[in-house]
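Numbered according to this note's numbering, the sequence shown spans residues 65 to 408.
To start, the structure under review is shown below, and the notes come after it.
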Amino acid sequence: MPDTSASPFLRACRREPVPHTPVWFMRQAGRSLPEYRALRAGIPMLAACRTPDLVVEITLQPVRRHGVDAAILFSDIVVPLKAIGVDLDIKPGVGPVIAQPIRSREGLEVLRPLEPPDGAAVAEAVRSTVAELGATPLIGFAGAPFTLASYLVEGGPSRGHERTKALMYGDPDLWHDLLGRLAVIAGAFLRIQVEAGACAVQLFDSWAGALSEVDYRRYVLPHSATVLASVADLGVPRIHFGVGTGELLAAMAEAGADVVGVDFRVPLDEAARRVGPGCALQGNLDPAVTFAPWPAVEEQTRQVLDRGAGLAGHIFNLGHGVLPETDPDVLARIVDLVHEVSAR
Ligand code: CP3
């Protein structure tokens, strides 16, 4: 396996000195790239995720085009749920849709543990991707229990997470059983990726920002902590990210993160104060900034770097995923600018 341990990305995760601030983008592999759209034409999302050759090629596309410092595996947070037999699909322009939403104890039965054979296609894709990437590190990922639960309970994407919260407040025993099962599945999914060669993991709790800190700590944190603890022995950096989580940053660090992902609402120096010592930070350019004229993009990018300059351990990223309409040339220019401005 190629040695990536001296890469700027992994050094920054470990809060070691770096030659330049490393940069990658959440959702860097996807619809903003014409070569992605060409490759995916006529192939449903989940079928693409089960086809190792496609996964390798799509994962590599943004690395070639943008020169980012890390790759993230092309997959989805619902892939392990599909692998254990949950009846779901990813609808274009919508997101994951669940045939039979889980709202009762009987509904939990489908959530059996993820076994290594269920992850065979993912493991094969990771091994081939790592071989192709050479010195560029590969990030594996999973959806965190709360975000997965929201899709499973609502049946699809939701703004208010009403049914999810109704279950959480109304039947805490069932809730903790549900999140406990999801934590085991997410932990196993991360382990499969790391054992196949991923050298960092990111736990996406995209919708955790819908909760108060008190409720996050009571209903969610213990389960996300289980996921992060379940890969602690593997020795890879663990990134913990959510959107609108300004009030949760300390709690998300406490859950067992080595790196906390920060969305664009809280500047990095303030995020560092909230997170406390010991963690690196990842973020946090507003993805919508990429639609502004270049001088504004440059100013905003420099501002993120300035706010992160005092940290031991900053990984430049967007505050959430690349938007499908983003001009990929702007992303490549941001990578160059970050490397140039931060060169030490
Ligand atoms: O480049 C990367 O970041 C790696 C690939 C990746 C995808 N999904 C591919 C994808 C990652 C890390 C994810 C994680 C994911 N999936 C999250 C957490 C990250 C976040 O953005 O908050 C969530 C909430 C999902 C669920 C999901 N899957 C959504 C909301 C969507 C978008 C629906 C749409 O069409 O707008 C998907 C589908 C999906 N996952 C696409 C991609 C590239 C688009 C599907 C397509 O191209 O047809």
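Backbone N, C-alpha and C define an ideal beta-carbon position, used for all residues, glycine too.
Since the structure is predicted, the reported quantities are computational estimates derived from the model, not experimental observations.
Coil, strand or helix - residue i by DSSP
i: Leu97; result: coil
i: Asp153; result: strand
i: Pro160; result: strand
i: Val62; result: Because the chain spans 65 through 408 in this model, residue 62 falls outside it and cannot be assessed.
i: Phe355; result: helix
i: His130; result: helix
i: Leu23; result: This structure cannot speak to residue 23, because the chain is shown only from 65 to 408.
i: Gly385; result: coil
i: Ala344; result: strand
i: Ile148; result: coil
i: Leu375; result: coil
i: Ile256; result: helix
i: Ala189; result: helix
i: Gly310; result: helix
i: Leu242; result: helix
i: Leu202; result: strand
i: Asp338; result: A quick correction: the sequence has Arg, not Asp, at residue 338. It is helical.
i: Ser406; result: helix
i: Met65; result: coil
i: Ile249; result: helix
i: Asp237; result: helix
i: Arg227; result: helix
i: Ile398; result: helix
i: Gln367; result: helix
Per DSSP, the bridge partner or partners of residue i
i: His304; result: Leu267 and Val324
i: Ile136; result: Ile203
i: Phe380; result: Val87 and Gly347
Whole-angstrom C-beta distance between residue j and residue i, which should lie under 8 angstroms
i: Ala260; j: Val190; result: 4 angstroms
i: Ile154; j: Pro160; result: 5 angstroms
i: Val284; j: His304; result: Not a contact, Cβ separation roughly 12 angstroms.
i: Thr211; j: Ile256; result: Actually they are not in contact, since the Cβ atoms of Thr211 and Ile256 sit about 19 angstroms apart, beyond 8 angstroms.
i: Leu197; j: Val87; result: Their Cβ separation, rounded to whole angstroms, is 16 angstroms, which puts Leu197 and Val87 out of contact at 8 angstroms.
i: Leu345; j: Ala321; result: Their Cβ separation, rounded to whole angstroms, is 10 angstroms, which puts Leu345 and Ala321 out of contact at 8 angstroms.
i: Asp182; j: Ala147; result: 4 angstroms
i: His378; j: Leu332; result: 7 angstroms
i: Ser288; j: Ala262; result: Not really, about 19 angstroms apart at Cβ, beyond 8 angstroms.
i: Gly347; j: Gly310; result: Going by Cβ atoms, the distance from Gly347 to Gly310 rounds to 11 angstroms, so no, they are not a contact pair.
i: Leu137; j: Val158; result: That belief does not hold up - the Cβ atoms of Leu137 and Val158 are roughly 22 angstroms apart, past 8 angstroms.
i: Ser139; j: Val194; result: Actually they do not touch by this definition, with Cβ atoms about 14 angstroms apart.
Inter-residue spacing [alpha-carbon to alpha-carbon] between residue i and residue j
i: Met232; j: Glu179; result: 27 angstroms
i: Phe253; j: Glu226; result: 28 angstroms
i: Gly273; j: Val307; result: 6 angstroms
i: Val386; j: Asp235; result: 36 angstroms
i: Pro357; j: Met109; result: 32 angstroms
i: Pro388; j: Arg101; result: 10 angstroms
i: Pro341; j: Ala163; result: 44 angstroms
i: Gly219; j: Asp237; result: 20 angstroms
i: Arg408; j: Phe380; result: 15 angstroms
i: Pro221; j: Leu369; result: 33 angstroms
i: Pro83; j: Met65; result: 23 angstroms
i: Thr390; j: Thr354; result: 7 angstroms
i: Val352; j: Glu170; result: The sequence as given places Ala at residue 352; Val does not occur at that position. So the two alpha carbons sit approximately 42 angstroms from each other.
i: Ala70; j: Ala135; result: 15 angstroms
i: Val399; j: Ser214; result: 33 angstroms
i: Leu395; j: Ser168; result: 44 angstroms
i: Asp133; j: Asp279; result: 36 angstroms
i: Leu202; j: Ile107; result: 24 angstroms
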